[in-house]
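**Student:** Take 1284 as the starting number for the sequence shown in our numbering and just add one per residue. Dropping a structure here in structure tokens format, bear with me for questions.
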Amino acid sequence: MESALSIHRLQFAFTIMYHYLFPQLTMGLALLIVVLKWLGLRRGEVLYHRSARFWAKIFGINFAMGVVTGIPMEFQFGTNWAAFSTFAGGVIGQTLAMEGVFAFFLESSFLGLFLFGEKRLSPRAHFFTAVMVFLGSWMSGYFIIVTNAWMQHPVGYAIDAAGNVQLVDFWKFLFNPWALWQYAHTMLGAVVTAAFVIAAVGAFYLLTDRFVTYGKQFVRLGTIAAAMASFLVAFPTGDVQGRNVARHQPVTLAAMEGLFETKKGAELILIGQPDMKNLRIDNPIHIPNLLSFLTYYRWKAEVKGLDAFPRELWPDNIPLLYYVYHIMVGLGTIFIAVSGLGMYLLYRKCLDQTRWYLWILMGIFPFPYIANTAGWMTAELGRQPWLVYGLLRTSQGASPLVSDGNALFTLMGFMGLYALLSILFISLVMKTILQGPESSEKEN
């Protein structure tokens, strides 16, 4: 059963990480497309409408990939995690159903109108469809975040006679304080991804001397959006979410930060390697007292280390948790620096002429995907050994009748299928980018 459990976890991790490559871009693009349509209406310039139409095509490709890769996620609750579904279905079934019935259909219906109805709708009506696509996309994200937040910090439930959880306070569940900050942090992360993708495409156009007018617009929009979102991801949303972890999952905070001993005036480790044999960080570079200050706003506040908790409550892969957390934070810091530099160049009116900076924008666009993935890995690895924190262990949630061979077979199937989908996706996106925004005008 232990080997089957490991494969169940690996399959879910692989499929959900691959799936999330697509929603993070669509959720971020949804907001920026609305901005482009609003600027088009406000300034009366057709350039903004063409740009919105171009990015809507990229949105549509990502949306289709998100649907195809998202459906298996729902099925895995029944096939690979039947015990978890039995235990928690009375709660999480609410938001998962709402995501499909309300948010998904709202987004998909108005996406069709946005993509194919521009000539049949007035400019304001077409702008309205963009707003509804944005609302549907971000509502979908909220319902998923609420589901995950309940697994991190269960509220609004009761345990019935059969030992399963049932929802008793819907509004407490829907407005879980953990969910509110996690949602803001996650959606801003999606905007960071979309902003750097837009800036990268603009930089590509400028460096290759094609669609130069659009390239300048994309670089400016992407840089401004990236600067705003990158800062807000860190402060206040990341800061408050970190303090939520300290309050409700202190053992997770200790593992994330590599804090093995309880300390007053705990240091913030910037670089180091966890040594699980000797329970220490090797070759550390740290800032004294800073972890205490960031967590409790007091330089000498006590921060609990892993030694304050029984070993059976420790996350089961502390080195990986430590590394992905530091990757997320490190990349977030780089995003602030790069976008801040871009804002300085924009202020100096030389943003689109600074070729070395355009090359940076070209090269940085994959890293928001890595940062978002590392963030989700931090949340999920940090919750271990719990599937529902404090209520159901991961080892208790898997399907007892699915063998390791069956799970491995489906995992290999997903890997092969997703490899083919990746080739198709990259081909479609590259074709769209190379054709450029002008092709959207011709097709329309």
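Yeah, the Cβ is synthetic: ideal placement off N, Cα and C, and Gly gets one too.
#1: Tell me which residues share the same chain as W1597 and place their Cβ nearer than 7 angstroms to its Cβ, disregarding the 5 neighbours each side in the sequence.
#2: How would you label M1310, buried or exposed, when you count the other beta carbons within 10 angstroms and need 16 or more for buried?
#3: What are the partner residues of A1441, as DSSP defines its beta bridges?
#4: Which residues does DSSP list as the beta-bridge partners of E1585?
#5: Beta-carbon within less than 7 angstroms of N1566's beta-carbon, same chain only, minus the 5 sequence neighbours each way: which residues are those?
#6: Whole angstroms is fine: what's the gap from Q1675's alpha carbon to S1705's?
#7: Between the beta-carbon of L1562 and the beta-carbon of L1293, is there less than 8 angstroms?
#8: To the nearest angstrom, how far is the alpha carbon of Y1627 from that of I1617?
#9: Jot down the residue ranges of each uninterrupted alpha helix (DSSP H) in the segment 1378-1424, minimum 4 residues, whole runs only, in chain order.
#10: Per DSSP, what are the beta-bridge partners of Q1556 in this structure?
#11: Would you grab the beta carbon distance between E1382 and I1427 for me? Rounded to a whole angstrom, and I think it's under 8 angstroms.
#12: Can you list, in chain order, the residues of its chain whose CB lies under 7 angstroms from that of V1712, leaving out five sequence neighbours each side?
#13: What did DSSP end up calling R1333 once you bin it into helix, strand or coil?
#14: Are at least three pairs of beta-carbons, each pair with one atom in the segment 1460-1472 and one in the segment 1414-1424, less than 8 angstroms apart?
#15: I'd like the span of the alpha helix (DSSP H) that includes V1671, first residue to last.
#16: Quick one, are the C-beta atoms of V1502 and D1635 less than 8 angstroms apart?
#17: Around the C-beta of P1630, are 16 or more other C-beta atoms found within 10 angstroms, so that it is buried, or is it exposed?
#18: R1530: buried (16+ other C-beta within 10 angstroms of its C-beta) or exposed?
#19: Taking a contact to mean a Cβ-Cβ separation below 8 angstroms, would you say Y1605 touches L1304 in this structure?
#20: Quick check: what's the CA-CA separation for T1578 versus L1314?
#21: What's the C-alpha gap between F1297 and T1352?
#22: Considering only DSSP beta bridges, list what G1373 is partnered with.
#23: Starting from the N-terminal side, write out each stretch of the beta strand (DSSP E) that is 3 residues or longer and does not extend beyond the segment 1614-1701.
#24: Going by DSSP, name the residue or residues bridged to I1570.
#25: Please classify W1639: is it buried, with 16 or more other beta-carbons within 10 angstroms of its beta-carbon, or exposed?
#26: Between which two residues does the alpha helix (DSSP H) containing F1479 stretch?
#27: Let me confirm a value: I1442 is counted as buried when at least 16 other C-beta atoms fall within 10 Å, else exposed. Which label applies?
#28: When the Cα atoms are used, what is the spatial distance from H1332 to Y1608?
#29: Rounded C-beta distance between A1237 and A1512? I'm assuming under 8 angstroms.
**Tutor:** Put simply:
#1: Taking the sequence shown and counting its residues from 1, one reaches residue 1597 at position 314. Same-chain partners within the cutoff: V1534, A1538, L1589.
#2: The residue you call residue 1310 lines up with position 27 of the sequence shown. M1310 sits buried, since 16 or more C-beta atoms from the chains shown fall within 10 Å of its C-beta.
#3: Here residue 1441 is taken as the residue at index 158 of the sequence shown, counted from 1. Paired residue(s): Q1449.
#4: As a position in the sequence shown, residue 1585 is number 302, starting the count at 1. E1585 is bridged to K1547.
#5: On the sequence shown, position 283 is the one that residue 1566 refers to. Closer than 7 angstroms at the Cβ level, and outside the excluded window around N1566, lie G1555, Q1556.
#6: Counted from its first residue, the sequence shown places residue 1675 at position 392. Counted from its first residue, the sequence shown places residue 1705 at position 422. One point to set straight first is that residue 1675 is Leu, not Gln, in the sequence displayed. For the pair L1675 and S1705, the Cα-to-Cα distance works out to about 35 angstroms.
#7: Stepping through the sequence shown from its first residue, residue 1562 is reached at position 279. Stepping through the sequence shown from its first residue, residue 1293 is reached at position 10. Contact flag unset, no.
#8: As a working mapping, residue 1627 is identified with position 344 in the sequence shown. As a working mapping, residue 1617 is identified with position 334 in the sequence shown. Computed Cα separation, rounded: 15 angstroms.
#9: 1388-1399
#10: By one-based count along the sequence shown, residue 1556 stands at place 273. DSSP lists D1565 as partners of Q1556.
#11: Position 99 of the sequence shown, counting from 1, holds the residue named residue 1382. Position 144 of the sequence shown, counting from 1, holds the residue named residue 1427. Rounded, the Cβ-Cβ distance is 6 angstroms, consistent with contact.
#12: Position 429 of the sequence shown, counting from 1, holds the residue named residue 1712. Around V1712: I1341, I1344.
#13: One-based indexing of the sequence shown puts residue 1333 at position 50. Helix at R1333.
#14: Put simply, the segment 1460-1472 touches the segment 1414-1424. At least three CB pairs are less than 8 angstroms apart.
#15: Stepping through the sequence shown from its first residue, residue 1671 is reached at position 388. It is not in any alpha helix (DSSP H) - V1671 instead sits in the beta strand (DSSP E) that spans 1669-1671.
#16: The sequence position of residue 1502 within the sequence shown is 219, counting from 1. The sequence position of residue 1635 within the sequence shown is 352, counting from 1. Going by C-beta atoms, V1502 is nearer than 8 angstroms to D1635.
#17: Position 347 of the sequence shown holds residue 1630. Residue identity check: residue 1630 is Tyr in the sequence provided, not Pro. Exposed: under 16 other Cβ atoms inside 10 Å.
#18: In the sequence shown, the residue the question calls residue 1530 occupies position 247. With fewer than 16 other Cβ atoms within 10 Å, it is exposed.
#19: Against the sequence shown, residue 1605 aligns to sequence position 322. Against the sequence shown, residue 1304 aligns to sequence position 21. In this structure, Y1605 sits away from L1304, with a CB-CB distance that is not shorter than 8 angstroms.
#20: Within the sequence shown, the letter at position 295 stands for residue 1578. Within the sequence shown, the letter at position 31 stands for residue 1314. Straight-line Cα distance between these residues: approximately 32 angstroms.
#21: Translated into positions along the sequence shown, residue 1297 becomes position 14. Translated into positions along the sequence shown, residue 1352 becomes position 69. Approximately 11 angstroms, taken between the alpha carbons.
#22: The residue given as residue 1373 occupies position 90 in the sequence shown. DSSP output for G1373 lists Q1449 as bridge partner(s).
#23: 1669-1671
#24: Counting from one through the sequence shown, the residue named residue 1570 turns up at place 287. I1570 is bridged to L1551.
#25: Position 356 of the sequence shown, counted from the first residue, corresponds to residue 1639. So W1639 ends up on the exposed side.
#26: Within the sequence shown, residue 1479 is the residue found at index 196, counting from 1. Run containing F1479: 1460-1490, per the alpha helix (DSSP H) assignment.
#27: Translated into the one-based positions of the sequence shown, residue 1442 becomes position 159. Its Cβ having fewer than 16 others within 10 Å, I1442 is exposed.
#28: Start at 1 with the first residue of the sequence shown, and residue 1332 comes out as number 49. Start at 1 with the first residue of the sequence shown, and residue 1608 comes out as number 325. Distance between the alpha carbons of H1332 and Y1608: 39 angstroms.
#29: The question about residue 1237 has no answer, for the chain in this structure spans 1284 to 1727.
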